[in-house]
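Enquirer: Residues -34 to -1, 1 to 512 in mature numbering (1 follows the signal peptide of the UniProt record, and there is no 0) are what the sequence shown lists, from first letter to last. Quick reminder that beta carbons are idealized off the backbone N, C-alpha and C, glycines included. To start, I am sharing the structure in question, which I have written as structure tokens.
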Amino acid sequence: MRGGFSVYGGAMFPPTSFLRFLSLFAVTSSLALAQAPGGGEGEAKPEVPKDAAEKGDAAGKDEKAKGDEKKDEKPGKDAADKNKVTEHSLVINGQKVDYTATAGMLSLKDGTGKVTADIFYVAYAKKGVPDLAKRPLTFSFNGGPGSSSVWMHLGLLGPKRVKLRDDGFAVPPPYELVENEFSLLDETDLVFIDPVGTGYSRASKPEEAKNFYGVNEDAKSIGEFIRLYVTKQSRWLSPKFLIGESYGTTRAAALSGELLRTHKMNLNGIMLVSTVLNFQTIWGADGNDLPFVLYLPSFTATAWYHQKLPADLQGKPLAEVLKEVEAFASGDYNQALLMGAALPAAQRVQVVKQMARLTGLKESYVDASDLRVSLNRFSAELLRDQRLVVGRFDSRYTSYMRDAVNNSAERDPSADAVFSAFTSTFNHYVRNDLKFEDDQPYNILTSPGKWNWDAENEFTNVSETLAESMTSNPFLKVHVSSGFYDMATPYYASRYTFSHLNIHPELMKNVTEDDYTSGHMMYLNLPDLKKQKEDLAKFVRMASGK
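Shown next, in the form of structure tokens:
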């Protein structure tokens, strides 16, 4: 497998470094995807029970204690008996927003009434809404598979956010939560979902957890959660949205089909943050050169940021530089890879020169790599003269190399920068502010084991599901957020996916794309957090018919 990749937290890693990464990063958005395309193929796909029932989701009830837990809870065996409701307020755009926060469990059950899993969630609902049918409701999840929902919860959407430097770079402990004046709570109620195996969510029996580990299995369980939630909270008529990050975008696309097929539920909008719908675009393998083409613009953006490009390119705005590399990537470079060994020597020399010019790498290195520089090698090679590696989630980040001659990145500095901060603050927040207590570990990020990719001798591709959902529901709107310095789910791969969506041109008008000058979690960069809030708020209003 030449230049092979694995995905974790949305990031791609060569197989040899995957286990090392798990030990360092046990994050985000995300994810222990397989170590090769189609990982998990051949595993039987167990059914996830569709019938479910659960007692008492407390969100939206009248009996609340301000800043404290409910006083009238009764002990019982149902997971919902642990639910806590608190009241809070937040100022957004100069306007006070009073809201309730529910931290709790919702039980999935099979047709016999047996609990198969308990799903942990945190829901925020604006108080004083006269007509819930006009109040949008957004379900949020991160990626992995294997990530909790903490990243967009405490980084982008929720009423609290982790305090970092304005550029998103790390701060030393102790960490701090601050009011998130850029929360989306002024526009929509929010429900953050932790899939089975993440957060506090667990299968009833450990040996049955595998029943939830797969593209379709995961979509079925989260789809059932959404059905139960909107039923219990009387939100069937509310404008409904999904927002997913990294593998969460895969989940969102799969869910659009699951909700429509199984529950006849149409969505108003889907928000995709750091998108991967077609895994052929990011998983390099023998016979698949596409990721090398689609990653090249991200390499150029990274080299431009670190001042490794020639003076004529460094003197241009990033947008102009990206236009040049995109034209080269889809033109001469793509043609060279297609020709393989048949590429004429003179043409190869020109491609090597141009690729080196656009990546900041030496011509000899590009040539020795057979024009195919993997992500992990680029991360280690770009700043080797300074003994630094660049980040995958956000290539603006750097860290020191322990082994100066290592041909692959030893770690992801952009992951190191935020993992502890989000872990510490959420564990404090859930107990002290949300009043929810559970002694089991809150799994910020975990490996779910063997994942059923529902793909045999092919790459997982849920873009077809999204295309079908958009065709069946022509009112469905899609928003795509991409970071130029994201080397986990590169922006140009997302462009490729949507340009190959194969839907009617009129339906393509329902897709909105916004770019940011940061990485995978673009919202960690304060200027981009402000912009993303404006972009998403505008999208929610538009898709809700406001």
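1. Could you check the C-alpha separation between K30 and V157 for me, to the nearest Å?
2. Can you name the residues that DSSP bridges to Y482?
3. Mind checking which residues open and close the alpha helix (DSSP H) that includes A302?
4. Ignore the nearest five residues each way along the sequence and tell me which others in S438's own chain have a CB closer than 7 Å to its CB.
5. Between I236 and H445, what straight-line distance do the alpha-carbon atoms span, to the nearest angstrom?
6. Can you grab the Cα-Cα spacing for the pair P205 / M231, in whole Å?
7. By a C-beta neighbour count over all protein chains shown, 10 Å radius and 16 as the cutoff for buried, is Q301 buried or exposed?
8. In whole angstroms, what is the alpha-carbon distance linking D34 and G165?
9. Keeping to the same chain, check which residues put their C-beta closer than 7 Å to that of V128; ignore five residues upstream and five downstream.
10. Going by CA-CA distance only, name the one from Q61, Y179, L150 and D132 that's closest to residue 527.
11. Rounded to a whole number of angstroms, what is the C-alpha to C-alpha distance between T215 and V242?
12. Can you check the stretch 187 to 271 for any alpha helix (DSSP H) of at least 4 residues that lies completely inside it and give the ranges in chain order?
13. Under 7 Å Cβ to Cβ from L256, same chain only, skipping five residues before and after it: list those, please.
14. Would you check if the distance between the CB atom of K100 and the CB atom of V63 is smaller than 8 Å?
15. Over the uninterrupted alpha helix (DSSP H) stretch that includes E472, give me the two end residues.
16. Hey, would you say L123 sits closer than 8 Å to L150, going by beta carbons?
17. What does the alpha-carbon distance come out to for the pair Y48 and Y363?
18. Hey, out of Q316, S429, L221 and H394, whose CA is closest to H466's CA?
19. Around the Cβ of G250, are there at least 16 other Cβ atoms within 10 angstroms (buried) or fewer (exposed)?
20. Evaluate F441 with the Cβ neighbour count: other Cβ atoms within 10 Å of its Cβ, from every protein chain shown; 16 or more gives buried, anything less gives exposed.
21. Beta-carbon separation of M508 and R358 under 8 Å?
22. Between A18 and K198, what straight-line distance do the alpha-carbon atoms span, to the nearest angstrom?
23. Less than 8 Å between the beta carbons of Y395 and K50, yes or no?
24. Which residue from S374, F385 and T268 puts its Cα closest to that of V137?
25. Grab the span of the beta strand (DSSP E) containing Q61 for me, first residue to last.
26. With H, G and I counted as helix, E and B as strand and the rest as coil, what does DSSP make of G511?
27. Can you give the beta carbon distance from N234 to S447, rounded, assuming they're within the 8 Å contact cut?
28. Q313 to G326, Cα distance in whole Å?
29. Using a Cβ-Cβ cutoff of less than 6 Å, which residues in the same chain neighbour D404 once the five nearest sequence positions on both sides are dropped?
30. Determine the closest residue to K171 out of K497, G109, D84 and Y195, with distance taken between C-alpha atoms.
31. Under three-state DSSP, which class holds K443?
32. Can you say whether V154 is buried or exposed, counting buried as having 16 or more other CB atoms within 10 angstroms of its CB?
33. Got a sec? Which residues, its chain only, sit under 6 Å from G134 by beta carbon, not counting five neighbours each side?
34. Report the rounded CA-to-CA distance for L502 versus T463, giving the unit in angstroms.
35. What are the residues that DSSP puts in a beta bridge with N409?
36. I'd like to check one pair, A269 with L275: are the Cβ atoms closer than 8 Å?
Expert: Taking the structure as given:
1. Against the sequence shown, residue 30 aligns to sequence position 64. Against the sequence shown, residue 157 aligns to sequence position 191. Low per-residue confidence applies at K30: pLDDT is 39, beneath 50, and the placement is therefore not dependable, though the value from the model is reported in the following sentence. Going from the Cα of K30 to the Cα of V157 covers about 18 Å.
2. The residue you call residue 482 lines up with position 516 of the sequence shown. Paired residues: G449.
3. Taking the sequence shown and counting its residues from 1, the one referred to as residue 302 is at position 336. Taken as a continuous stretch (DSSP letters only), the alpha helix (DSSP H) holding A302 covers N300 to M305.
4. To locate residue 438, count along the sequence shown from 1; it is residue 472. Only L226 meet the Cβ criterion.
5. Looking up residue 236 in the sequence shown gives position 270. Looking up residue 445 in the sequence shown gives position 479. Distance from the CA of I236 to the CA of H445, rounded to the nearest whole angstrom, comes to 6 Å.
6. Position 239 of the sequence shown, counted from the start, is the residue given in the question as residue 205. Position 265 of the sequence shown, counted from the start, is the residue given in the question as residue 231. Going from the Cα of P205 to the Cα of M231 covers about 11 Å.
7. Position 335 of the sequence shown, counting from 1, holds the residue named residue 301. Under this definition Q301 is an exposed residue.
8. In the sequence shown, residue 34 corresponds to position 68, counting from 1. In the sequence shown, residue 165 corresponds to position 199, counting from 1. Note that D34 has pLDDT 43, beneath the 50 cutoff, so the model's placement of it is unreliable and the number below is only indicative. Between D34 and G165, the C-alpha separation is close to 22 Å.
9. Locating residue 128 in the sequence shown gives position 162, where the first residue counts as 1. Only L120, G121, Y141, L143, A387, F388 and T391 meet the Cβ criterion.
10. In the structure as shown, the chain begins at -34 and stops at 512. Residue 527 is therefore absent and cannot be evaluated.
11. Along the sequence shown, read from residue 1 onward, the residue named residue 215 stands at position 249. Along the sequence shown, read from residue 1 onward, the residue named residue 242 stands at position 276. Going from the Cα of T215 to the Cα of V242 covers about 6 Å.
12. 213 to 229 and 256 to 271
13. Taking the sequence shown and counting its residues from 1, the one referred to as residue 256 is at position 290. The residues are Q246 and T247.
14. The residue labelled residue 100 in the question sits at position 134 within the sequence shown. The residue labelled residue 63 in the question sits at position 97 within the sequence shown. Cβ atoms of K100 and V63: not closer than 8 Å.
15. Against the sequence shown, residue 472 aligns to sequence position 506. P471 to M474 is the extent of the alpha helix (DSSP H) around E472.
16. Locating residue 123 in the sequence shown gives position 157, counting from the first residue. Locating residue 150 in the sequence shown gives position 184, counting from the first residue. Result yes, Cβ atoms of L123 and L150 sit closer than 8 Å.
17. Against the sequence shown, residue 48 aligns to sequence position 82. Against the sequence shown, residue 363 aligns to sequence position 397. Here the sequence assigns Lys to residue 48, which means Tyr is not the residue at that position. Roughly 40 Å separates the two Cα atoms.
18. Locating residue 466 in the sequence shown gives position 500, counting from the first residue. Taking only the C-alpha atoms, the option nearest H466 is S429.
19. For the purposes of this step, residue 250 is taken as the residue at position 284 of the sequence shown. The residue is buried, with at least 16 neighbouring Cβ atoms inside 10 Å.
20. Taking the first residue of the sequence shown as position 1, residue 441 is located at position 475. The residue in question, F441, is exposed, as its Cβ has fewer than 16 Cβ neighbours within 10 Å.
21. Indexing the sequence shown from 1 puts residue 508 at position 542. Indexing the sequence shown from 1 puts residue 358 at position 392. Cβ atoms of M508 and R358: not closer than 8 Å.
22. To locate residue 18, count along the sequence shown from 1; it is residue 52. To locate residue 198, count along the sequence shown from 1; it is residue 232. Residue confidence is low: A18 scores 35 on pLDDT, short of 50, so the model does not pin down where it sits. No coordinate-derived value is stated.
23. Sequence index remark: in the sequence shown, residue 395 carries index 429 (1-based). Sequence index remark: in the sequence shown, residue 50 carries index 84 (1-based). For Y395 and K50, no; Cβs fall outside 8 Å.
24. Against the sequence shown, residue 137 aligns to sequence position 171. If we check each option's Cα against that of V137, F385 comes out closest.
25. Taking the sequence shown and counting its residues from 1, one reaches residue 61 at position 95. Following the DSSP letters along the chain, one finds Q61 inside the beta strand (DSSP E) bounded by residues Q61 to K75.
26. Here residue 511 is taken as the residue at index 545 of the sequence shown, counted from 1. Coil, per DSSP.
27. Position 268 of the sequence shown, counted from the first residue, corresponds to residue 234. Position 481 of the sequence shown, counted from the first residue, corresponds to residue 447. Not really, about 17 Å apart at Cβ, beyond 8 Å.
28. Walking along the sequence shown from the start, residue 313 turns up at place 347. Walking along the sequence shown from the start, residue 326 turns up at place 360. Taking the straight line from one Cα to the other gives about 20 Å.
29. Position 438 of the sequence shown, counted from the first residue, corresponds to residue 404. The beta carbon of D404 lies closer than 6 Å to those of Y166 in the same chain, with the five residues before and after it left out.
30. Residue mapping note: residue 171 aligns to position 205 of the sequence shown, counting from 1. Selected option, being the one with the closest Cα: D84.
31. Taking the first residue of the sequence shown as 1, we reach residue 443 at position 477. Looking at K443 - three-state DSSP - the assignment turns out to be strand.
32. Numbered from 1 along the sequence shown, position 188 holds the residue referred to as residue 154. Per the sequence shown, the amino acid found at residue 154 is Thr instead of Val. Result: buried.
33. Residue mapping note: residue 134 aligns to position 168 of the sequence shown, counting from 1. Answer for G134: L490 and N491, listed in chain order.
34. For the purposes of this step, residue 502 is taken as the residue at position 536 of the sequence shown. For the purposes of this step, residue 463 is taken as the residue at position 497 of the sequence shown. Each residue's Cα considered, the two are about 21 Å apart.
35. For the purposes of this step, residue 409 is identified with residue 443 of the sequence shown, where counting begins at 1. Partner(s): G165.
36. Here residue 275 corresponds to residue number 309 of the sequence shown, with the count starting at 1. Here residue 269 corresponds to residue number 303 of the sequence shown, with the count starting at 1. Yes, these two residues count as a Cβ contact at 8 Å.
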